[in-house]
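Just below is one structure, and these are the notes that go with it.
Numbering (our numbering), first residue to last: 682 to 840.
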């Protein structure tokens with residue numbers, strides 16, 4: 682999903698909340714600029730997630746990418762099986778997706794479609810230790826296989 686960064690820094694990780702029920706899956710994340718270009722060092726580690734996963738997953742960047750203050754980015758989450766993600770109604774084109782076979786990230790990313798949804802995830806800045814987040818207490822809704830992009834709405838300081 683699309684988000685506007687609150688401050689500049691280097692991104693340490695992306696944390697998402699997901700529920701898997703049927704199969705073991707491969708999952709990874711990335712960050713793209715407003716024009717869908719992959720940032721330098723913008724891909725995270727890949728994880729194998731087991732059956733009955735229901736909770737937060739953190740994906741680390743091997744070399745943290747740099748983000749600028751008040752700049753639009755897209756956070757992407759991609760897995761190779763169907764999954765559930767908590768969401769609620771969002772603003773127009775807040776989420777986009779690209780349905781394709783799980784492999785390497787496209788650069789640039791070419792969206793198949795958009796949806797008006799908000800999701801829960803965090804982008805953790807290494808330098809400022811800031812965390813951007815959406816609140817989540819949403820219904821569990823299925824989303825088809827493909828690249829999922831989530832919007833981050835607001836900035837808050839660390840606890």
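Quick reminder that beta carbons are idealized off the backbone N, C-alpha and C, glycines included.
Item	Value
Where in the segment 696–726 do unbroken runs of the alpha helix (DSSP H), each at least 4 residues long, occur, reported from the N-terminal end onward?	none
Looking at the structure shown, is residue 686 part of a helix, part of a strand, or coil, going by DSSP?	coil
What first and last residue would you give for the beta strand (DSSP E) that runs through residue 783?	Residue 783 -> no beta strand (DSSP E), and no H or E assigned at all.
Quick check: the Cα distance between residue 737 and residue 730, rounded to an integer number of angstroms?	11 Å
CB of residue 751 to nearest heavy atom of the ligand GDP: below 8 Å?	For the structure depicted, the ligand GDP is absent and the ligand set is empty, with no information on it obtainable.
Starting from the C-beta of residue 749, find all residues in its chain whose C-beta is less than 7 Å away, skip the five residues before and the five after it, and write them out in chain order.	686, 689
If the criterion is Cβ atoms closer than 9 Å, does the pair residue 746 and residue 715 meet it?	no
Buried or exposed, going by whether 16 or more other CB atoms sit within 10 Å of the CB of residue 781?	exposed
Between which residues of its own chain and residue 718 is the CB-CB distance below 6 Å, once the five residues before and five after are set aside?	789
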